[in-house]
Amino acid sequence: MGIKHLYQVLKDNCPDAVKEGEIKNQFGRKVAIDASMSLYSFLVAVRSEGQQLMSETGETTSHLMGLFYRTLRIVDNGIKPLYVFDGAPPKLKSGELAKRFQRKSEAQEAQEEAKETGTAEDVEKFSRRTVRVTREHNEEARRLLKLMGVPFIIAPTEAEAQCAVLARAGKVYAAASEDMDTLTFNSPVLLRKLTFAEQRKEPIQEIHLDKVLEGLEMEYEQFIDLCILLGCDYVDPVKGIGPKVALGLIREYKNLESVVEHIKTSSKYTLPEDWPYKEARLLFLEPDVRQADDPLCDFKWENPDVDGLVKFLVEEKGFSEDRVRNGAARLQKNLKSSQQARLEGFFKVKEKTDEEKASLKRKNEEKVEAQKKQKKAEAKAKKDAKAKPKLNS
1 MGIKHLYQVL KDNCPDAVKE GEIKNQFGRK VAIDASMSLY SFLVAVRSEG
51 QQLMSETGET TSHLMGLFYR TLRIVDNGIK PLYVFDGAPP KLKSGELAKR
101 FQRKSEAQEA QEEAKETGTA EDVEKFSRRT VRVTREHNEE ARRLLKLMGV
151 PFIIAPTEAE AQCAVLARAG KVYAAASEDM DTLTFNSPVL LRKLTFAEQR
201 KEPIQEIHLD KVLEGLEMEY EQFIDLCILL GCDYVDPVKG IGPKVALGLI
251 REYKNLESVV EHIKTSSKYT LPEDWPYKEA RLLFLEPDVR QADDPLCDFK
301 WENPDVDGLV KFLVEEKGFS EDRVRNGAAR LQKNLKSSQQ ARLEGFFKVK
351 EKTDEEKASL KRKNEEKVEA QKKQKKAEAK AKKDAKAKPK LNS
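Numbering (full-length UniProt numbering), first residue to last: 1 to 393.
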């Protein structure tokens with residue numbers, strides 16, 4: 001779920017924190033991608049008449065189709081992806097997960113009813129709500145990434161929190177996820193819509209946390225409190241408190257302790273029973289993650305295993321062999337060329353000849369001399385203007 005209404009709060013109050021641009025603007029950068037969120041979006045988006053894409057044996061392949069081709073697009077644009085998978089959810093998240101399961105069960109029932117009495121749009125709407133990423137989906141995705149030569153790690157708990165650690169340490173430029181709580185986990189940069197299909201023509205959103213805090217005029221811990229009050233995965237929302245009210249309360253009372261005391265004396269809002277906001281805050285401040293210097297956080301990109309890809313995607317899953325082999329060739333070419341571009345751009349500086357150095361020195365001296373002459377002329381003109389006698393009117 002992430003943080004309710006946070007993106008709109010940022011757009012309204014700190015628009016400078018949000019940049020939109022083309023995917024090619026991320027060329028040469030390493031990015032940690034929330035794998036579980038990406039797989040969910042692939043399962044939802046890659047559909048045909050409300051059904052998942054299937055192999056001949058009836059196995060779902062939407063997640064593999066999405067992961068293979070979206071990763072190719074990312075690599076084609078000079079980006080080096082690292083995928084991060086969710087581990088076990090924090091205990092505090094169990095309530096939210098139970099609610100999601102209940103919603104999916106209700107959606108499943110509504111979908112069956114819509115098939116009997118509703119429109120095609122109703123069927124599609126409810127079928128999307130029943131989608132969930134299974135252990136098998138994750139295992140197959142990791143198998144595919146290994147064959148593609150693309151690194152991945154499994155987080156102890158939340159993938160977004162692990163992505164944020166890697167971004168803070170400079171191991172990657174940014175964390176990529178659709179969940180806005182990636183910022184709440186203290187990622188300096190969040191990329192959204194990176195794994196969207198090219199056909200959607202959606203610009204990549206690049207959000208900078210320092211600009212967020214500057215625009216909201218908040219410290220990082222106040223920002224966490226705002227996110228909890230807006231609504232997150234760890235606590236129930238406070239009924240009646242929307243984004244404007246939440247922002248106003250944090251700005252006025254500075255922290256959730258004071259906000260809670262205010263709400264207790266107010267008849268306007270009612271706190272949920274046993275509202276564990278302090279525990280939620282601690283999960284954002286001190287999430288269960290692997291530190292960036294952990295050996296398991298060392299990663300590198302390898303050449304794709306072409307034969308392995310053909311066996312898995314073509315023989316087992318029914319993909320087109322020509323497309324798979326072409327994709328593997330693109331992977332090999334683009335990962336290599338993007339690395340060369342960075343090395344040449346940042347480390348191999350061509351030494352200038354003596355003639356070039358002399359020419360640059362002469363041009364610089366001429367530029368400085370021209371600036372001096374211009375300043376002298378401006379000063380003389382100003383002096384002459386002052387000395388000129390004024391005419392009586």
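Ideal Cβ placement from N, Cα and C applies to all residues, glycine included.
Work out the CA separation of D16 and A377 for me, nearest whole Å. Position 377 of the sequence shown, counting from 1, holds the residue named residue 377. Position 16 of the sequence shown, counting from 1, holds the residue named residue 16. Rounded to whole angstroms, A377 to D16 spans 41 Å at the Cα level.
Quick check: the Cα distance between R73 and A159, rounded to an integer number of angstroms? Within the sequence shown, residue 73 is the residue found at index 73, counting from 1. Within the sequence shown, residue 159 is the residue found at index 159, counting from 1. Answer to the nearest angstrom: the Cα atoms are 22 Å apart.
How is the beta strand (DSSP E) around V18 delimited, first residue to last? Here residue 18 corresponds to residue number 18 of the sequence shown, with the count starting at 1. Run containing V18: 18-21, per the beta strand (DSSP E) assignment.
Return the bridge partner residues of Y83 from the DSSP annotation. Here the question's residue 83 lines up with position 83 in the sequence shown. Bridge partners of Y83: I33, F152.
Please report the residue range of the beta strand (DSSP E) in which I241 lies. The count along the sequence shown starts at 1 and reaches residue 241 at position 241. Looking at the DSSP string, I241 is not in any beta strand (DSSP E), and its letter there is neither H nor E.
Considering only C-alpha positions, which residue in the set P304, L145, M37 is nearest to N334? As a position in the sequence shown, residue 334 is number 334, starting the count at 1. Closest by alpha carbon: P304.
Between the alpha carbons of V289 and K311, how many angstroms are there, rounded? Along the sequence shown, read from residue 1 onward, the residue named residue 289 stands at position 289. Along the sequence shown, read from residue 1 onward, the residue named residue 311 stands at position 311. Answer to the nearest angstrom: the Cα atoms are 35 Å apart.
Name the DSSP bridge partner or partners of A175? Sequence index remark: in the sequence shown, residue 175 carries index 175 (1-based). Answer is A32, L190.
My assumption, with CB atoms under 8 Å, is that I228 sits in contact with A280. Please give the rounded CB distance. Within the sequence shown, numbered from 1, the residue matching residue 228 stands at position 228. Within the sequence shown, numbered from 1, the residue matching residue 280 stands at position 280. The Cβ separation is near 5 Å, so the contact holds.
Considering only C-alpha positions, which residue in the set F284, V31, T182 is nearest to Y173? Counted from its first residue, the sequence shown places residue 173 at position 173. Closest by alpha carbon: V31.
I'd like to confirm the pairing. Which residues does DSSP put opposite I207 in its beta bridges? Mapped onto the sequence shown, residue 207 falls at position 207. For I207, which the question treats as bridged, DSSP gives the partners V18, L190.
Count the other C-beta atoms from every protein chain shown that fall within 10 angstroms of the C-beta of T182, then say buried if there are 16 or more, exposed otherwise. In the sequence shown, counting from the first residue as 1, residue 182 sits at position 182. The residue in question, T182, is buried, as its Cβ has 16 or more Cβ neighbours within 10 Å.
What span of residues does the alpha helix (DSSP H) with R132 cover, start to end? Looking up residue 132 in the sequence shown gives position 132. Careful: R132 lies outside any alpha helix (DSSP H) and carries neither H nor E.
Report the residue from G28, L282, V324 whose alpha carbon sits nearest the alpha carbon of V306. For the purposes of this step, residue 306 is identified with residue 306 of the sequence shown, where counting begins at 1. When each option's Cα is compared against that of V306, the closest is V324.
Can you tell me the Cα-Cα spacing of V212 and P188, whole angstroms? For the purposes of this step, residue 212 is taken as the residue at position 212 of the sequence shown. For the purposes of this step, residue 188 is taken as the residue at position 188 of the sequence shown. The alpha-carbon of V212 is positioned some 10 Å away from that of P188.
Please go through the same chain and pick out, in chain order, the residues whose beta-carbon is closer than 8 Å to the beta-carbon of C14, but skip the five residues on each side of it. For the purposes of this step, residue 14 is taken as residue 14 along the sequence shown, with counting starting at 1. Excluding residues within five positions, the ones whose Cβ falls inside 8 Å are K211, V212, E214, G215, L216.
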